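Numbering-wise (full-length UniProt numbering), the sequence shown opens with residue 1 and increments by one.
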Amino acid sequence: MSVDAFAVLAEPTRRRILERLCRTESSVGDLVDALGMSQPAVSKHLKVLREAGFVSYRTAAQQRIYRINVRPLQAVDDWLTPYRRLWTEHLDALERHLDSQE
Numbered sequence: 001m002s003v004d005a006f007a008v009l010a011e012p013t014r015r016r017i018l019e020r021l022c023r024t025e026s027s028v029g030d031l032v033d034a035l036g037m038s039q040p041a042v043s044k045h046l047k048v049l050r051e052a053g054f055v056s057y058r059t060a061a062q063q064r065i066y067r068i069n070v071r072p073l074q075a076v077d078d079w080l081t082p083y084r085r086l087w088t089e090h091l092d093a094l095e096r097h098l099d100s101q102e
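Given below as structure tokens:
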């Protein structure tokens, strides 16, 4: 089953979890404390992120330590590339126009 990365990332809580994991690997408890959410809610979002491939975990003692996986994010970045070019072209044209007004 293919998961739409944008559907996964549309949920603000999942983006907050990814932002946290971008900075440091975290246990569920760490995420609960950092996000001020219940453990079941965090676990639910982690399950969606894990099934979509955005996160993975390793076991340390009795904890799962979650980390971010970049591959799905690379796919999002690849999709955004033509739009980024479009913006760059428009901003360059604006800069040239403003420079010509001086």
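Every residue, glycine too, gets a C-beta built ideally from N, C-alpha and C.
Only a predicted model underlies this, so the values are computations on that prediction, with no experimental measurement involved.
Between G53 and R64 a beta carbon distance of about 16 Å is seen, past the 8 Å cut, so the two are scored as non-contacting. Note: V55 is bridge-paired with I68 in the DSSP secondary-structure output. In this structure, DSSP gives S43 a helical state, which the three-state scheme calls helix. At least 8 Å separates the beta-carbon of R96 from that of L49. Counting along the chain, the unbroken alpha helix (DSSP H) around D30 starts and ends at V28 to L35. By a beta-carbon distance limit of 8 Å, I17 contacts H45. Their separation comes to about 6 Å. DSSP places T24 in no alpha helix (DSSP H); its state is neither H nor E. Per the coordinates, the alpha-carbon of E11 lies some 20 Å from the alpha-carbon of E25.
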